[in-house]
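Asks: I'd like to ask you about the structure that follows.
Protein chains in written order, with the UniProt record's numbering: chain A, 1 to 335; chain B, 1 to 335; chain C, 1 to 335; chain D, 1 to 335.
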């Protein structure tokens with residue numbers, strides 16, 4: 001089968017190779033990949049910017065969707081032809097993950113999805129939403145699921161609350177879409193006039209040009225009746241954490257899910273304690289949560305925002321697009 | 001001031017009288033009533049069907065809204081002219097209520113809102129939503145708040161879940177509206193062809209004629225992919241509880257908030273235990289929850305459904321309408 | 001291997017037979033049974049009192065513990081000699097169960113533990129606590145886990161709260177022990193003078209003779225400063241539900257986990273709604289919860305109370321003891 | 001009445017003065033102070049280390065207990081002679097606090113408790129536990145309540161979990177005591193051999209000398225079966241936050257409640273996100289939570305640890321003791 005094999009770190013070393021189709025166990029499913037989507041951490045892995053100790057050669061990329069090609073002898077939940085989403089933490093069906101579950105992370109400690117076929121456990125595959133294409137569904141297993149788990153469960157968002165969405169990456173745009181279907185007021189930030197309009201089209205109630213307001217937490221409060229928002233998701237780390245914390249109200253929730261501008265946070269305790277702020281770091285959730293997200297997407301007809309779709313042979317272009325920071329939504333590769 | 005005074009139990013004894021305006025304390029507010037709304041329990045009080053031991057004469061009715069007329073010497077949160085909603089449990093600002101809080105229940109142990117003026121505590125008044133009229137807001141302090149507290153907090157509803165709404169009383173219709181803004185799938189029941197259409201107009205995804213399907217839990221499952229719904233609110237008690245329980249899925253939630261057909265429930269333990277069902281009895285919530293509901297109403301432009309508006313002199317007609325069971329939405333009295 | 005095979009329903013048909021050792025899959029573990037414990041529902045299955053549609057011949061009994069004898073080719077978590085507890089819902093590792101998980105219930109839809117060996121999935125086995133014997137651990141996978149899941153998670157018990165424990169069956173005694181390590185005040189009931197003393201020895205703060213007080217909810221309140229308890233677990237159903245509901249305070253929690261006196265509940269809505277009572281039906285939890293319970297048992301050195309231990313050849317005697325209702329704690333069978 | 005009046009900032013300016021007894025409103029209670037306890041923030045206020053903008057002259061200190069001397073005309077819950085605890089956030093009875101509630105903070109924006117009498121609202125006073133003296137109860141309204149609110153509610157601690165307690169200040173020792181009654185395993189840190197013994201006497205399962213192990217998170221894991229603890233409370237800020245974060249397991253909880261070594265935190269996002277860590281800043285809770293704590297203290301006979309008791313005339317000595325960092329438990333002033 002065809003696969004993108006990383007034999008040395010670096011985008012230029014992402015090369016198409018021909019390798020054997022992996023063997024399937026009794027409780028496993030062979031999935032034919034149809035579409036995959038990139039996250040920022042995929043570029044960290046490919047370029048080894050943060051050394052995760054991944055042995056080479058390696059098939060990168062953490063999330064994707066496909067179609068069931070074959071099933072193991074004891075599998076009862078899936079049959080050939082089913083559209084499925086591939087798990088990131090392959091053993092994590094429900095509840096809390098542990099080091100045991102985390103041993104198998106797609107695109108890290110186990111092979112990623114940039115391959116024609118992969119073998120997946122029966123119990124952590126989740127059906128793809130009926131109302132969207134495979135390309136639209138590709139960013140759900142990591143980016144979409146992270147947003148869902150942190151907003152619906154950890155932040156426990158409710159109609160009438162307010163949320164601050166930071167920037168126009170795929171994760172932030174999906175957070176905006178999820179917040180809208182829960183009935184929240186959405187304030188978004190961007191640095192581009194053109195993206196302001198696209199954010200409003202997606203349902204943002206207010207948009208702040210963060211370049212015009214370097215202390216944008218003040219603007220957030222001004223647009224929210226003088227008080228901070230209930231929730232924000234910080235996706236950039238170093239450069240944004242201070243304003244993120246100042247943007248929430250008492251008992252506010254700051255999700256820590258990204259590190260676009262760096263991993264070192266400098267934080268002042270006084271506003272944190274005075275305001276009883278919760279900083280909640282989070283990453284991808286489990287299969288049971290992803291199944292709940294499928295229902296939410298179908299019922300409310302959410303279409304994840306796709307920036308661009310590349311063919312598998314254009315994989316290096318896709319990673320360059322990812323690193324440019326210019327994407328409005330997700331970068332997808334189609335098989 | 002004018003007030004409806006019950007000197008003997010019975011709808012025919014609801015009579016307009018002239019009585020003194022009540023005196024205001026340091027931390028209290030004098031509210032001029034503008035609109036009130038009836039709940040089923042108001043008819044129980046007026047007719048003394050269930051003996052609550054209320055001394056006569058009594059000013060009945062539990063919920064209403066008004067305008068601040070004057071404030072006590074220590075009041076800082078309100079000023080003349082503010083639109084406010086009157087609390088049902090007058091001392092219950094937040095958290096859980098206790099027997100101490102419950103000593104003062106509007107329309108039960110303390111005077112109700114069928115009077116031109118009333119005195120209310122500063123800390124449990126809540127501002128009326130900006131986007132709706134006083135008549136539309138009148139059913140929020142009891143019916144609206146009960147729905148909000150049980151759905152948003154107890155049942156913890158989320159987008160993608162499903163809910164069964166029973167009948168077309170004001171409480172059920174408000175539950176439908178709240179469920180829609182949280183992104184749920186709504187299945188509703190009614191016995192009238194004409195009301196089926198109105199339910200769909202309000203956003204119901206499916207409507208069941210419960211007369212055509214006496215075992216309507218089967219129909220609920222058929223319309224929900226073969227499994228029960230996540231949540232239902234039982235408003236009728238005796239006649240509906242069995243089907244309510246059979247309508248929910250594993251770990252499902254059955255709210256017990258009404259007793260239209262009787263207060264005696266007969267329940268089979270086997271389906272309850274097999275399905276890990278939660279039966280949650282509930283009544284009105286607190287002022288902090290009502291303030292959250294105001295935000296949800298304004299953000300999502302909810303308009304509570306009003307069946308009919310009566311003048312204060314038509315109070316007996318209003319109660320007859322209430323008892324007819326024919327109302328689609330709330331019955332309101334306007335001052 | 002030896003197994004107790006039910007070829008016809010009835011305690012007298014519990015017979016020792018010799019049958020083949022079951023075959024093990026890649027992700028499965030062969031467990032040599034060391035001790036099993038009876039629950040009331042086991043006698044319902046054996047006598048077919050409630051027809052669950054179980055095909056004969058059947059190996060009954062839902063819970064037990066053992067030692068790993070062999071592991072499948074892909075198993076990494078267990079090795080020969082490990083002490084393990086056998087799951088009731090064999091596929092339920094964490095989160096919420098679904099009909100898919102429930103397809104395999106030990107002693108119901110799949111073979112029970114009254115056999116020398118059984119095959120279990122790798123991911124739902126849980127290690128046996130270090131501080132107790134296999135006989136003491138035998139009642140944990142069903143009875144112990146049900147108590148833990150409903151008290152620690154659903155009722156969310158906390159130090160300083162109060163709980164009412166009903167009777168001296170194994171489940172109630174384990175609830176008493178769990179409540180004590182969480183710092184609750186415990187009120188217990190019994191009809192026997194001798195058991196009153198044993199309940200106090202186990203840590204009960206107060207004991208009520210329910211025969212002397214048929215309206216025992218009044219006595220509960222008297223012993224609790226005039227108000228109801230925070231939590232009770234109803235284990236008897238028909239005969240106790242009314243007093244259970246009247247025994248809890250506002251926002252109180254009534255667990256529904258047993259049906260000793262019948263499955264038909266008659267309930268009055270008025271006290272339920274006035275007090276915002278939660279009725280929560282529950283049964284056994286998942287493997288992740290059972291692992292938490294193991295930590296709690298080891299840290300606090302809980303010893304489940306064993307009424308009596310029978311040899312496997314005395315299985316009929318064990319069931320007669322179970323049905324007598326005289327047991328103080330659990331009835332165990334040892335291999 | 002006698003009061004300690006701060007006319008200039010500085011410990012040396014804590015001077016005994018005679019001032020008028022404050023006037024009481026309808027819903028208020030006059031409390032005769034019997035004992036007060038110091039928190040670290042009281043020294044910040046007295047020395048104005050962090051400028052909170054408090055106008056002088058000022059009566060400092062945030063927490064204390066007393067006896068009801070007189071009640072306002074509408075007060076029904078209290079009578080002369082009742083032992084009561086004084087609220088820190090005077091308007092915060094239950095639920096979440098808002099800027100409105102926070103306007104009146106004892107010892108900050110309103111007068112503190114270093115005075116013979118103070119006037120308090122009826123609805124946020126809480127009865128003093130029966131099993132302890134006023135001196136023992138003095139540290140409950142701020143330090144004790146903060147610990148309770150963050151452990152029992154935010155961290156939702158449960159039997160069988162593990163907690164890391166940092167140092168031997170009054171707040172940490174109270175956290176140890178609360179953790180014990182909930183059935184947790186407790187690991188504590190100190191730098192003194194003598195305090196190690198006292199920590200074990202209080203129930204610590206393990207004690208780490210943090211001077212011997214500057215990377216004490218490794219030692220925490222070694223003593224906890226190789227994995228991090230479920231919960232820790234960081235009381236020191238700048239110097240401890242890194243090790244605090246590294247001490248918890250996946251989905252671990254790090255409470256941020258102190259700033260003994262500074263308010264500037266430097267945090268690495270990678271371990272936070274990998275482990276799904278929650279950083280929860282917190283401060284004092286509400287009256288309803290304090291009432292729950294009273295029940296927990298009485299039921300489990302907790303005695304808060306008192307380092308030393310000073311007479312009101314020795315107030316400067318008490319503050320010097322506070323600043324020395326040598327206290328084992330709370331520093332109390334007795335009237």
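No residue lacks a Cβ here, since even glycine has one placed at the ideal position from N, Cα and C.
All figures in this text were calculated on a predicted structure; none of them were measured in a lab.
For the region 103 to 113 of chain A and the region 263 to 281 of chain A, state whether three or more C-beta atom pairs, one from each stretch, are separated by less than 8 Å.
Replies: no
Asks: So the beta strand (DSSP E) residue 162/B belongs to, where does it begin and stop?
Replies: 162 to 166
Asks: Could you tell me how far apart the beta carbons of residue 11/A and residue 319/A are, in whole angstroms, since I believe they sit closer than 8 Å?
Replies: 5 Å
Asks: Taking all protein chains shown into account, decide if residue 117/D is buried (16 or more other Cβ within 10 angstroms of its Cβ) or exposed.
Replies: Buried, because 16 or more other Cβ atoms sit within 10 Å of the Cβ of residue 117/D.
Asks: Do residue 281/D and residue 256/D have their beta-carbon atoms positioned less than 9 Å apart in this structure?
Replies: A contact, by the Cβ cut-off of 9 Å.
Asks: Taking the alpha-carbon positions, what's the residue 114/B to residue 278/C distance?
Replies: 33 Å
Asks: What three-state label does DSSP hand residue 153/D in the structure shown?
Replies: helix
Asks: At the 9 Å Cβ level, is residue 288/A part of the contact set with chain C, yes or no?
Replies: Closer than 9 Å: yes.
Asks: Exposed or buried, what is residue 56/A when buried is set at 16 or more other beta-carbons lying within 10 Å of its beta-carbon?
Replies: Answer is exposed; the Cβ neighbour count stays below 16.
Asks: Would you verify that the beta carbon of residue 335/D is, or is not, closer than 9 Å to some beta carbon of chain C?
Replies: Closer than 9 Å: no.
Asks: Residue 300/C touches chain D at which residues, Cβ-Cβ below 7 Å?
Replies: 159, 183
Asks: Using the Cβ count rule (16 or more neighbours within 10 Å means buried), how would you classify residue 52/A?
Replies: exposed
Asks: What do you reckon, are the CB atoms on residue 48/D and residue 9/D nearer than 9 Å?
Replies: yes
Asks: If you run the structure through DSSP and keep just helix, strand and coil, what is residue 310/A?
Replies: strand
Asks: Counting only Cβ-Cβ distances shorter than 7 Å, please list the residues of the region 295 to 326 of chain D near chain C, keeping chain order.
Replies: 295, 296, 299, 300
Asks: So if DSSP puts residue 253/A in a beta bridge, which residue, or which two residues, is it bridged to?
Replies: In DSSP, residue 253/A forms a bridge with 231/A, 278/A.
Asks: Whose C-alpha, out of 178/D, 192/D, 187/D, 197/D, is nearest the C-alpha of residue 219/D?
Replies: When only C-alpha atoms are compared, the closest one is 187/D.
Asks: For a contact defined as C-beta to C-beta under 9 Å, what are the partners of residue 96/C on chain B?
Replies: 250, 251, 276
Asks: Residue 213/B: which of 136/B, 5/B, 243/B, 314/B sits nearest, CA to CA?
Replies: Distances from the alpha-carbon of residue 213/B to those of 136/B, 5/B, 243/B, 314/B put 243/B closest.
Asks: State buried or exposed for residue 194/A, treating a residue as buried only when at least 16 other CB atoms are found within 10 Å of its CB.
Replies: exposed
Asks: For residue 7/A, I'd like the list of residues in its chain whose CB is within less than 8 Å of its CB, leaving aside the five on either flank, ordered along the chain.
Replies: 13, 15, 56, 57
Asks: Taking only beta carbons into account, state which residues of the region 221 to 245 of chain C come closer than 7 Å to chain B, listed in chain order.
Replies: Under the 7 Å Cβ criterion, the region 221 to 245 of chain C contributes 237.
Asks: Can you name, in chain order, every residue of its own chain whose Cβ lies under 8 Å from the Cβ of residue 211/B, other than the five neighbours on each side?
Replies: 191
Asks: What are the residues in the region 139 to 156 of chain B lying within 8 Å of chain A by C-beta distance?
Replies: 152, 156
Asks: Look at the alpha carbon of residue 39/A and the alpha carbon of residue 152/D, and state the distance between them as a whole number of angstroms.
Replies: 37 Å
Asks: Compile a chain-ordered list of the residues in the region 31 to 57 of chain A whose CB is closer than 7 Å to at least one CB of chain C.
Replies: none
Asks: Just mark residue 123/C as buried or exposed, buried being the case when its beta carbon has 16 or more other beta carbons within 10 Å.
Replies: buried
Asks: What are the start and end residues of each continuous alpha helix (DSSP H) run of 4 or more residues lying completely inside the region 84 to 164 of chain D, in chain order?
Replies: You should have 99 to 102, 134 to 137, 145 to 148.
Asks: Secondary structure at residue 53/C, three-state DSSP: helix, strand or coil?
Replies: coil
Asks: For the beta strand (DSSP E) holding residue 77/C, just list the boundary residues, first then last.
Replies: That residue, residue 77/C, is in no beta strand (DSSP E); it is neither H nor E in DSSP.
Asks: Please report how far the alpha carbon of residue 228/D lies from the alpha carbon of residue 147/C, in whole angstroms.
Replies: 27 Å
Asks: Bridge partners for residue 209/A per DSSP, in chain order?
Replies: According to DSSP, residue 209/A shares a beta bridge with 190/A.
Asks: State yes or no: is the beta carbon of residue 167/C nearer than 9 Å to at least one beta carbon in chain A?
Replies: no
Asks: Could you compute how far the alpha carbon of residue 274/A sits from the alpha carbon of residue 275/D?
Replies: 26 Å
Asks: Could you tell me which of 84/D, 330/D, 17/D sits nearest to residue 34/D, measuring between CA atoms?
Replies: 84/D
Asks: Determine, using beta carbons only, whether residue 282/D comes closer than 9 Å to chain B.
Replies: no
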